[in-house]
Each structure stands twice: as structure tokens, then as C-alpha cells.
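Residue numbers (this note's numbering), protein chains in the order written: chain S, 1 to 280; chain F, 1001 to 1446; chain C, 2001 to 2319. All C-beta atoms in this analysis are idealised placements derived from N, C-alpha and C, irrespective of residue type, glycine included. A quick note: this is a predicted structure, and the numbers were derived from the prediction, not measured. I have placed the structure first, in the form of C-alpha cells, so that the comments after it can refer back to it.
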């Protein structure tokens, strides 16, 4: 800790002053979103702008939540995000384990191939992905969304987990191997249990990604009852008038699970990053 | 302890997953009750290679059950009316199910194109009139005048302007499902406070009134929604402006002709004098919000505004008037609207045509009209069932003009848009900017 | 953990009794096992990333007809040639590169300050950490809408602050109407949204520095600034290099904020970024070949920049 030995009062005061300033900058935009979500449309652009609604209304929330089947979109998003997260954690730890612990021909080449995934802009893949998904009869299905989300996440998450797995001492593993334990045993009963912070980090990143993804969900899911939240919220942007209050109300509701997941995992998150490939 | 919390978190997620799975299996019925016609369980979506007839569940046991898909960008109010139309249609055709999908206007093209690329596009759709030639040129649309036996009788009952938007290279690729135009909307309160009794009748008066009603950054006489062609189009056409010649061969002498230049000169001058709100350049207060709150005394907009104001500004009493007349003494405006089209990939053309025919029926058009959509059938226009405020729009439609029906219209629009931007930024005079636009448009017409 | 290990030992003993394969066979199967671990991942990755990538490489050499691929015509490098000579594209590259050049250092500096401040025993540390991370976990669409709202030229909070509270400007600034001014909210948004992410990574790296290093330096009488300069920064170097590379990749891929705040490159296509231009070419103008070519240009740019950064900076780490 760089600043630990500083115990003088003005040091502490400066620290808090700076932190609070930062907090203000971070939170003010969110506060405007929150307050606008409680304002009727005619006060959206009142001048001077005020954080406290002159007329307080819940109408935006009521309308946003009643619109089409908001609850269904919410559940769809949750289903897709949870399934994507679970599957990505599993598949990318398999990959990372192979790259961190196993020897095989073409290891470096394959790893570089995987890293290519970090460099391509995802939007350019959409049309070919659509053609593949169609061939596999995955369009308009949840697995169709999930499998593409997994594919788009594998590079980063494998990279991250490989670093994490490499930081695990090999002693225990050697012991298991001497006992004749298989690779799978080592993976399943040694590496995974010791990697919870890393897995939590992967889980958070993947959850955030799949919760927010728009372009693929937009083209791959035509069935109205199976749409996800970002697609539903995009429909709030009326061609002729933006209902800011409703858009923000829906956004706030959409933000709740994300914040919940983050708070739940945040302690492991920092530890996970400390030992993962992300530290450099 | 830490480990426990992690486990709790994971357990929680698992529980949610389970809940989800249950919801996905058992949760359909309430959904169907809400919007029955639009929402069919997606299991029924035929997957290309699979034979269609393994259609299941709540289909009626009749023979030749067919599904028609229909994509659109309708508003909430329109969707409600559409649901009624579908119910009526299904009463007449119990064997045909209509599955609708709604898109945001801005994302509609990308969704359509991706779908078409994968042979997973809709059977039918409601397209913005300016997209029809583009999709026809791509080879995505079926020529309705060949495929539809009673095309001529329906077409004969529509107005020529909207019908013409379906014409590309010798064939009609759609039918005009609805039409609209922009008229002048004026804020009676703002006018009253300034002692102006009536809306301007001529463009000259309009410029005068707009400047009289402008006060620095606190109030503007007139506001446009943007710089893309649709926004200045009412003033442009009323002034006598033209984009290209009738045969669509050249823009020279049209977009840079004297009337077109005069129209843009007027707007650029008003902008310079602070009589037009800067919001047209982006990032300001939208025309609807500004107009209803009195920031903008006048705007030009379409019939959908009635519904928008009723919902979001219930206290605002909006006034309509024809677009002020140009020096030639006549008013004009721009034709908007949507065409219903049939896609090449439609699986059951007969059923799809039945649906298109129904959308063009009098009962469907009258029903849709209740949500603010102007019908395209002559016989319906004469009926008394239309909302009162349609009057001014119908009158305006008599003189309103269509934008250039050409696949490259999008690029022409961009050329004019850029020219307008250069004038507003003071980089070029109206004449210079439009000369350049004419050159760019001519290149597109080659 | 103890229970897990004992369980491991049990199962492994059972396994041992079951089979005793020959050595050669074992080596083969060991490699085979590795491929089994790779199989699910690479199956998905190959189908949904590698194949689509190659497919769009092919598209980039064609005047592509999206409806009927057979009607496409091969045009060689024409798509690439066309956009390289296009002033709108050149401007988009400039906008994109300056976005990365501005937002990346700013994110790292602010993140470093925040991480150092939070790397001490403080009351409310977790709260600050979570709050600073809030922009990171909020979707790009939502934060962009918030910024669009705040930077509204006629009634936005920022103009109110500048004109009516601080009195720094006389007239309201038209943030989103000007191709250069619009870069202010876009770049600020990029920094605002990204600081939390870099902060968490730097915090993790700081916490990994053994306390003895600091204490030794403190005993030597080094000021906090000297300690930062001579102890902390050198130790953070690998992390900073990593952040730099990753943030630059992210910066060059700026997309949603540009798309929404500039209304697709307005005015006159001067506020495009590489990806917003690619999207407009592809889905507005139906120029799929051109869009694919632009994507490949961006991919190449990202690749070259990353490799150059790693080469230059890694080498300097050596001595």
C-alpha cells in the first residue's frame, strides 16, 4: 500500500475529498437518469434542469413494465445470460486448463488463433453467423443466442483463466498425478475448486456481455415472445418522439440484476483479476 | 465464510435458472392472452428444410393450415388496431395464421437484410415507401401486378401518388398500405400571446411570423426535425422545388433550379436570423417536445402527432393548417407512408396474397385509420368513419409530392442533406451547395 | 479443501486399479485428452468466429448481393481502394485514432489515482469500489443515452452548468451538432465509462505488491511521490502495458456511443468512426463488400498497433 504510512488528518481529508469528487462525477449522470424516470414527459427538458422532479410520477415505470411483455423479456434475458455464463465458465476453463497445464502439438498456434477473437469487430461477423445459425436450425431459439455469445466470449475468458490457472501451484496436482489421477480429476477436483475467484471474474464479464448484447439478439430472434431486454428497450425509441422517462425507467429495471450480480461477486472479482491473465 | 457466500450466489443463480426453465415451459398461456394474434409459440416457426406440416398445438384441425409472417414498425396505437385487423382476417380465413414482428424503424433495414440473406425473411412486410425500389432492385420483392390476380381492381381504387411509390422498372412491387403527409402545426397559445391570430398562409408570411415569434434561445418560430430531406420537404415542395425531372434522368436544373434554391435560401436565412431552432443539427430538444411546451411556435409534421400529444401532452391543444403557399400561390408537401410488399421467399404465396388483399380491404383500412393512419382507398376516404383531424391532411395530400422513387434515393437524400448542412454551416451559398448536390445525384442516376 | 483432496485420492486409486495402459499408448492418449479439453470450445469458436471471419473476408472482395450470393461479382481489391481514397473514411480513421489517443491515457491516469487512493484501509472502501464500477457494468446504450440527455444543447445539464452556474460560456454550446464538438461528449463518455475497469485491474496489481517493498522505501525516507515513481510504477509496468494494449483495442472499436451521439456520422459524415461507417455502408447503403473491407482494415489496424505496442514496451521492460 503506497499510502498506508500516511496517518495525518489532512492526508485522510484529501483522500476522501478526491474520492467524493470522483463519486460525484460517476453518480451525477445516474442521478439524472433516476430523476428523469420519475418525471412526466413535459418536464423531461425543464430548464433549469433539476434532479428533483417537480411533479413526481410512477407512470413511466408502469407503462414501461406493462408494455408488450416486459416481464417476459426480462426473464428471457435472465435465462440467456445465466445459461451463457454457466456454459462459458465451463467451456473456457476447459480450454484454459488445456493451455495452462497440458502439452499437445500446435499449442501455441491454437492459442494465437483463439486470441484473434480479441481483435475482430463483432458486427462484421453477423451475416455469416446468421447463415451458420440458420444451417444449424438455431435461429429464433435461445440456444442460437447462447452459442454465439459463448463463441464471442471464449477468447477473452480463456485468456483470463489461463493466467489464473498458471498461478496455481503445481504441488497438489503432482500429488494427484502420482496417485494416478486423470487429467479430468485434476481439472475437476484440484484446479476448479482453487479457481473460484477467477471463475467469478469470468462469470461477471460474461453475464454483463450477454445481458447487454444487442446486434445479434436483434437479428437472430424474430419471435416476439423470445426477445431479450435490449431489443425490447430499443423499441421504446419512438420514430417521432423519444420518451426519455420510459426509456430510463426500463433501463433502471434492466440495470438491477447486473448490479446485483456484481455486488454478489465483487469480492472475488478483485482477487480473481489479481491472479488472472488480465494483470499482464 | 467467503466460500459460503460464493456458494450462496451460485445456488441463487442455479435456482433462477431452474425458475426460468419452468417459466419457459409453462409460461406461455398468459402471454398468449395478452396479444394473442401476434404471439404464437416459436416452436411453430417452420425451420426451413423441415416440412411445414409438423405444426402443432393450438392449430385448428383443418386442412391446409398456413402461416403468414408480417414485419412492420408500427407504433403502440397502430399495433392495437392491427391486432383487430388480424382478428377480422382470421375470422374470414380460419386456416391462416398471421405472425407479426415489430421492429424499431432505425433497426428495420438491418433486420430485414440479415433475414433475407439467410432466407429467413418475412413473407410480407410494411415498408417505408422510399425503400420499395431499393428492395425491388435487390431482387427481394415479388411483382404484385403479375402475382396478384385482382391487383388491378385494388390498384384502381387507390390514389395515384401513393400507388406510384411501388413502381420500379415496369412493375408494381407493392400496394400502398397507408399514406401520410406533413402539414403545419402551430401552437395556439404562443400565437395568441404574440397577438397573431391565424397561421401564415404564404411562405413569405411564415418567415415573417417565425421571426416575430423568436426570442433568442428562449423561443423559436419554426423548428425542423433534422436536415435529412423529409424535414425541409414541405417548404421545399411548397416553394416549387423539384429534385429531378419526371423521367428521373437528371437533377440539373431541378435540385439546383431557382425554386429549389429559393426554398433552401429561405430556410438558411431563417436559421441565420435565429428564427429556426438549432435542434435540426442534432442534440437539441425534439420538435414534438419543443412544440408542445411552447419552445417552438410552428413545426411541420404528420398525423401521428395527434396520438403522441394525446398521450404525452394531454393538455396541449394542437392546431393544424396547410403548409403555407409558395410564390406560385399553391401549397404542397411531401408524401410519406408505407407499402405492403410480398417477398420472393414467401412460403405460401396464396395465403400471403390473401393477407395483403385483406390489408387493402375497406374494413382493414377503416380500422387502421382509428390509430391515425391515413387510408389509401378512394372509397374509404369518402366514408364518414374517419377521424376529424384527417381533413387537413387529406386536403394536403391532394397537392403533396412523392420523393424520387429510385433505389439510390437514400444516397440522393444524403447528397441534399449534406448540401443543407453546408449552407447552415455557412460553408457554401444555397446555389453552390445545390450545384454540388446536383452533380452527386446525377452520378447516382447514371 | 481437505475433503476435495481426499475425494480426489479415492477416485484416482480406483482408476489406477482399472487400467494400466502401455507407455506409448499413454503418451498418445495424453495428447488425445488435451484435444478433448479443446474440442467443445474450438467447435463453437470455429463455427461462429473463424468461419464467419473467413466468410466476410471473401465478401470484402465482391460487390456482394446479400439476397442472392450467386449474383455477386468479384471486384478484387476495389472495395479496399474505394474507401482508402474516401475523405469520409479518412476522417473516420482520424476520429477513431484520436479517440484512442485521448481516452486511453486519461483512463489509465484516473484509474491509477483511484486505485492508489483505494489501496489503503479506509472506511467505505467497498462502497467506492462498487460505485466507481457502476459505469462499467451499465450497458453502452444506456450510458450513451444518459450522455445524450446531459449534453442536450438546449436544456441539458452540462450547458446549464457551463452557462448559468459557472458562466464560462455566453451561449449554449451545440455539443452534438458539430463534428469536432461532438467528440467532447464521446471522449468524456469513453473515459467515464472505462475508468472503473482499469481501476479494478490496477487495484489488483497494487495489492499484489508485497508490503515490504513499501516499508523499505518509507524507512529510507522516500516521499509518497518518490515511492510511486521509483517503486510502484516500475512494478506495475506489466499491468500498465497490458492495460494499454487492451484499452487501445477497445478504443479503436468505439461504436455505440458514436452511432447514437452523432446520428450516424452527422454532419456530412465528418463524425464517423471506423465501425459506425462500416455499419452505415453495410446496412444503410447495402454495400456489404465495402463494409467487410472496412472491418478488415480495422482488424489489421488493431493487430499492427497491438503487436507494435507489445514489441516496443516489452523490450523496454527487459532492462
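- Within chain C, the residues placing a beta-carbon under 7 Å from that of residue 1278(F) are 2153, 2174, 2177, ordered along the chain.
- Here residue 209(S) is buried: its Cβ has 16 or more other Cβ atoms, across all protein chains shown, within 10 Å.
- Counted as a single uninterrupted DSSP element, the beta strand (DSSP E) harbouring residue 1099(F) occupies residues 1096-1102.
- Counting of Cβ neighbours within 10 angstroms places residue 213(S) among the buried residues, the total reaching 16 or more.
- A straight-line Cα-Cα distance of about 50 Å links residue 1439(F) and residue 2241(C).
- Residue contact check for residue 270(S) against chain C: a CB pair falls below 8 Å.
- Exclusion of the five residues before and after residue 1317(F) leaves 1188 as the residues of its chain whose Cβ lies within less than 7 Å of its Cβ.
- For the C-beta of residue 1120(F), the chain S residues within less than 7 Å are, from N- to C-terminus, 134, 139.
- Annotation: residue 1093(F) to residue 1078(F) spans about 22 Å, alpha carbon to alpha carbon.
- Going by beta carbons, residue 86(S) and residue 2122(C) fall outside the 8 Å limit.
- At a cut-off of 8 Å between C-beta atoms, residue 2200(C) counts as an interface residue with respect to chain S.
- The beta carbon of residue 2049(C) does not come within 8 Å of any beta carbon belonging to chain F, so the residue lies off that interface.
- Annotation: residue 144(S) has no Cβ neighbours in chain C at a cutoff of 9 Å; minimum Cβ distance is about 10 Å.
- Secondary structure at residue 1343(F): strand, using DSSP grouped into helix, strand and coil.
- Under the three-state reduction of DSSP, residue 164(S) is assigned to helix.
- Counting C-beta atoms within 10 angstroms of its own C-beta, residue 2248(C) has 16 or more neighbours from the protein chains shown and is therefore classed as buried.
- In the DSSP assignment, residue 2151(C) falls outside any alpha helix (DSSP H) and carries neither an H nor an E.
- Here residue 1298(F) is bridged, per DSSP, to 1186(F), 1222(F).
- By the neighbour-count criterion, in which a residue is buried when 16 or more other Cβ atoms sit within 10 angstroms of its Cβ, residue 2085(C) is exposed.
- Beta-bridge pairing by DSSP links residue 1421(F) to no other residue.
- If you check the CB distance, residue 256(S) and residue 2203(C) do not come in under 8 Å.
- Taking a C-beta cut-off of 8 Å against chain F, the contacting residues of the region 178-201 of chain S are 196, 200, listed in chain order.
- For residue 1178(F), the enclosing beta strand (DSSP E) covers residues 1174-1181.
- Its chain contains 2062, 2063, 2064, 2065 as the residues whose beta carbon lies nearer than 7 Å to that of residue 2072(C), once the 5 sequence neighbours on both sides are disregarded; these appear in chain order.
- In this structure, the alpha-carbon of residue 164(S) lies about 43 Å from that of residue 2287(C).
- Annotated three-state conformation of residue 1072(F) is strand, per DSSP.
- Residues of the region 228-249 of chain S that bring their beta carbon within less than 8 Å of a beta carbon in chain F comprise 234, 235, 237, 238, 239, 240, 241, 242, 243, in sequence order.
- Partner residues in the beta bridge of residue 1215(F), as assigned by DSSP, are 1219(F).
- Below the 7 Å Cβ cutoff, chain C contributes 2176, 2177, 2263, 2266 as neighbours of residue 1282(F), in chain order.
- Contact between the region 2174-2187 of chain C and the region 2147-2160 of chain C is present: three or more C-beta pairs spanning the two stretches fall below 8 Å.
- In the DSSP assignment, residue 69(S) falls outside any beta strand (DSSP E), carrying neither H nor E.
- Within chain C, the residues 2284, 2285 have their CB atoms less than 8 Å from the CB of residue 1410(F), given in chain order.
- Rounded to the nearest angstrom, the gap between the Cα atoms of residue 2195(C) and residue 1190(F) is 47 Å.
- Using beta-carbon distances, residue 2130(C) does not count as an interface residue toward chain F, since no partner is under 8 Å.
- A Cβ-Cβ distance of about 15 Å is found for the pair residue 216(S) and residue 136(S), leaving them out of contact under the 8 Å criterion.
- According to DSSP, residue pairing for residue 1167(F) in a beta bridge involves 1172(F).
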